[in-house]
Every structure is written in structure tokens, then in C-alpha cells.
Amino acid sequence: MSSLPQPSAEALDQSNRLTALLQSEIRAAGGWMPFSRYMELALYAPGLGYYSGGARKFGPGGDFITAPELTPLFGQALASQVEQVMQLSAMQVIEVGAGTGLLAADLLLELERRGALPLSYGILELSAELRERQFDTLAQRAPHLAARVQWLDALPAQFSGVVVANEVLDVMPVHLVVSRADGVFERGVVLTESEYGAVFRWGDSPAEGAVLEAARALELPAPAEGEYLTEINLAGQAWMASWADRLQQGAMLLIDYGYPRAEYYLPSRSNGTLLCYYRHHAHADPFLWPGLNDITEFVDFTAMAESAYDAGLEVLGYTSQAQFLFNCGVLDCLARRGPEGSADYVRAARAAQRLTTPQEMGELFKVLAVGRGIDVPLLGFARGDRLHTL
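For the sequence shown, our numbering gives the first residue as 89, with consecutive numbering after it.
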């Protein structure tokens with residue numbers, strides 16, 4: 089990890105405090121912690137976790153760049169689908185995990201241009217620091233629309249309208265599962281003593297309960313030698329199902345990187361998909377500087393669709409981000425940027441290329457729509473729907 093930029097003294101102090109918390113909980117639990125709990129604390133421990141500790145996360149000065157950070161074209165195209173669902177249900181939007189607030193600003197401005205402003209725009213955000221950034225972004229980019237935005241502390245009891253979740257499922261804590269010839273194990277975190285004091289190490293325990301049941305249902309490869317490591321996102325599945333009790337009419341639009349199950353659990357993908365991001369560097373060590381790294385995993389979209397369906401929602405569409413954006417008119421949005429030779433158009437075209445080319449985000453990212461009471465096909469899936477692959 090010598091190639092990574094070094095954290096500041098203040099950041100290291102925050103990480104050390106989170107490390108002490110993690111170590112204390114591991115000892116209290118008898119010396120072993122499931123990775124799902126480690127990931128939950130590393131990302132969301134109040135005041136210390138990655139998403140709650142105050143460090144800059146998004147954009148060139150952060151650790152990664154999301155689609156709304158690249159270009160307003162993403163939100164402008166997405167607005168077409170949002171508008172259609174609102175017209176079929178209710179003029180309300182909830183965005184889950186709104187990042188810097190750029191997507192909210194872009195969506196509201198584009199919906200205003202279309203004469204289709206929602207009556208309310210809720211943002212469900214757990215991070216106080218990100219709430220402040222979202223408020224500032226909206227005040228700068230769309231001050232006349234900021235009054236429509238409300239911040240939510242929990243899922244609503246009932247809701248009709250559109251739920252937007254861009255890169256949310258990939259940061260939900262996952263269980264790590266190991267399949268070997270001698271059985272199925274859950275990979276967790278233990279402590280070992282070193283010359284530097286207690287350090288985190290991997291430790292396996294026989295899988296049991298819901299984790300074992302989910303692993304058996306997947307029929308994971310069991311190599312004669314070595315092991316097969318993967319992730320199971322039980323939290324994401326439960327979150328999807330929880331919306332079935334709340335969504336009366338409307339749709340959820342889930343945008344993230346991932347695969348259908350048949351591609352997710354390929355025998356060749358024996359090391360799983362877990363990744364960490366620090367200052368635009370990807371690495372595979374979640375024990376490095378806890379609280380300063382984003383920890384993510386790819387999404388099993390089949391599991392998310394099944395959880396929604398089993399809970400009573402309909403699966404309305406599934407396709408690549410590129411196909412979804414093309415169906416939603418991203419090229420028309422690009423054409424509004426002015427003459428093709430202008431500097432603004434060229435910059436926007438390059439950003440649109442990153443959103444849609446297979447080598448960039450176009451194929452890696454997928455869009456899943458689930459909902460209730462939507463009786464017409466969604467325009468984002470009019471061509472290239474891949475529901476048959478789930």
C-alpha cells in the first residue's frame with residue numbers, strides 16, 4: 089500500500105479511534121466479528137465511520153466519482169423516467185443516499201424545465217456531513233427549488249411516487265462466505281498480536297442461520313482444493329423487501345454496478361467482488377485505515393429483484409445503464425448543450441461517453457426497477473430489457 093497517499097494526522101486520529109472501537113467489540117464478542125458488522129462500523133459508526141466521519145468522499149478531491157459528479161446529463165436523462173412514474177403514481181420523489189446533492193439539483197432543474205416538478209423531494213441520508221453538503225449544493229444550484237426538499241431520518245411508513253437509489257446497494261454491509269471441500273464458512277475478523285499491537289486478521293467460522301441457508305440456496309462452487317470466496321448481501325435483500333410494506337404505488341429505480349446471479353457466482357470469480365477506494369485508488373484491504381476507505385461490493389441484482397418480488401412488488405425492468413440512458417433520451421439532452429463543435433458540447437459528449445460506453449460505466453452499471461400499480465411499460469426499458477437474465 090506504499091503507493092497510496094498518506095492520510096493527514098487528523099484523519100489518522102479518527103481512524104485510530106474507530107480501530108479501538110472495532111477491537112473492543114471484537115473482544116466483547118469473544119474474539120470473532122462477522123465481516124458484515126466490521127463493514128457496518130467501518131462505514132457508518134457515528135462520528136467515525138467513512139460515511140459519518142466528515143471526510144470528503146465524492147469528486148476529484150474525494151475517493152471516487154459517481155455519475156452525477158461527471159455530468160448533469162445523467163440526472164437530465166433520468167428525469168424522463170422519474171416524470172413518467174410520477175404521472176402514473178404521485179408527484180413525489182425520495183432519493184436514498186444523495187451524495188453531494190448534485191443529482192437532486194439536476195433532477196429538480198430538469199423536471200422544472202419539463203413542467204413536472206414534484207410536490208416534495210425527500211432525501212434519506214444518514215450522514216450529517218453529507219446532509220450539509222446536499223443543502224449547500226441545492227442552495228447554490230437550485231435555490232428557488234430548495235424549499236421542496238426535505239431530509240428524512242427513516243423510511244416513510246407509506247409512500248407513493250418514485251424512489252431513486254444511485255450507488256446505494258453496493259455499500260450495504262455484506263456477509264463474506266467461503267466454500268471449501270470441508271464445508272461452508274463465514275469469514276469474519278479476529279485480532280492477533282504483533283510488534284505494533286493488536287491487528288485485524290481474517291478468521292473463518294462455520295456458517296449458520298440465515299447465512300448458511302442463503303449460501304446453500306446459491307449452490308456455490310466447492311473446489312477440491314483451495315476455496316471459493318464471495319459475498320451475500322442480506323441487508324440489501326431485507327431493505328428491498330421493507331419497501332413492499334411502504335410503496336403503495338410507484339417505482340424504485342436502483343442504479344449500481346453488479347451482475348445477475350448467473351454471472352455473479354461464476355466459478356472463475358473465486359475471490360469475490362469486495363473492493364476498497366481511497367483517493368481514487370482501488371485496493372483490496374478493508375483493514376487499512378478503518379473509516380478512511382470506502383468499502384463496496386458488486387450487487388447481485390437477481391437477489392434484489394427476488395426479494396422485492398417475494399415481498400409483493402413487481403419487477404418492472406432491468407437493463408444496462410447505457411441502454412437505460414439511451415431510452416431516456418440522453419442524446420437529446422446532449423444535443424441541447426449547443427453546437428457540436430463548442431467546448432461545452434465536447435466536454436458533455438466526453439462525459440456522456442463515460443456514462444454509456446461498455447468499457448466505462450455503460451455496461452458495468454445496471455438499472456433495476458421494481459414497483460406497484462404501474463400498468464404501462466417504463467420508457468427506460470423500452471429497448472434492451474434484460475429481465476430474462478435475472
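By construction, the Cβ of each residue, glycine as well, lies at the ideal position given by its N, Cα and C atoms. A quick note: this is a predicted structure, and the numbers were derived from the prediction, not measured.
Let me know the secondary structure DSSP gives residue i once reduced to three states.
{"i": "Ile114", "result": "helix"}
{"i": "Glu319", "result": "strand"}
{"i": "Asp151", "result": "Any reading at Asp151 must be qualified, since the residue scores a pLDDT of 49, below 50, and its modelled position is unreliable; the value itself is stated next. Of the three classes helix, strand and coil, the one that applies to Asp151 here is coil, per DSSP."}
{"i": "Leu354", "result": "coil"}
{"i": "Leu335", "result": "strand"}
{"i": "Ser282", "result": "strand"}
{"i": "Asn415", "result": "helix"}
{"i": "Ser293", "result": "strand"}
{"i": "Gly379", "result": "coil"}
{"i": "Pro160", "result": "coil"}
{"i": "Glu98", "result": "helix"}
{"i": "His368", "result": "coil"}
{"i": "Tyr406", "result": "strand"}
{"i": "Thr107", "result": "helix"}
{"i": "Phe386", "result": "coil"}
{"i": "Thr188", "result": "coil"}
{"i": "Asp194", "result": "helix"}
{"i": "Arg424", "result": "coil"}
{"i": "Arg304", "result": "helix"}
How about residue i and residue j: do their beta carbons lie closer than 8 Å?
{"i": "Leu443", "j": "Leu196", "result": "no"}
{"i": "Met226", "j": "Val387", "result": "At residue 226 the sequence reads Leu, which differs from the Met that was named. No."}
{"i": "Glu217", "j": "Trp239", "result": "no"}
{"i": "Glu394", "j": "Val262", "result": "no"}
{"i": "Met260", "j": "Ala305", "result": "no"}
{"i": "Ala399", "j": "Ala332", "result": "yes"}
{"i": "Leu482", "j": "Val455", "result": "Since the displayed the chain opens at 89 and closes at 478, residue 482 lies outside it and no answer follows."}
{"i": "Pro462", "j": "Ala339", "result": "According to the sequence as given, residue 462 is Ile; it is not Pro. Contact: yes."}
{"i": "Val251", "j": "Val170", "result": "no"}
{"i": "Glu402", "j": "Thr361", "result": "no"}
With DSSP as the reference, identify every bridge partner of residue i, one or two as the case may be.
{"i": "Glu171", "result": "Answer by DSSP bridge pairing: none, since Glu171 is not bridged."}
{"i": "Met260", "result": "According to DSSP, Met260 bridges with nothing at all."}
{"i": "Gln180", "result": "Ser208"}
{"i": "Trp327", "result": "Paired residue(s): none; Trp327 is not in a bridge."}
{"i": "Ala391", "result": "DSSP lists no partner for Ala391."}
{"i": "Asp344", "result": "Lys454"}
{"i": "Pro122", "result": "Gly276"}
{"i": "Val287", "result": "Thr280"}
{"i": "Leu363", "result": "Thr384"}
I'd like to confirm something about residue i: is its beta-carbon nearer than 7 Å to some heavy atom of the ligand COA, or not?
{"i": "Met121", "result": "As for the ligand COA, it is missing from this structure, which has no ligand bound."}
Could you tell me whether the stretch 264-274 touches the stretch 216-234, using the rule of 3 or more Cβ pairs below 8 Å?
no
Whole beta strand (DSSP E) runs in the stretch 427-471 with 3 or more residues, listed along the chain?
453-460
At which residue ranges does the stretch 210-276 contain complete alpha helix (DSSP H) runs of 4 or more residues, listed in the order of the chain?
216-229
Would you check if the stretch 374-385 and the stretch 443-463 touch, i.e. whether three or more CB-CB distances between them fall below 8 Å?
no
Is the stretch 419-431 touching the stretch 161-170 in the sense that three or more CB pairs, one from each, lie closer than 8 Å?
yes
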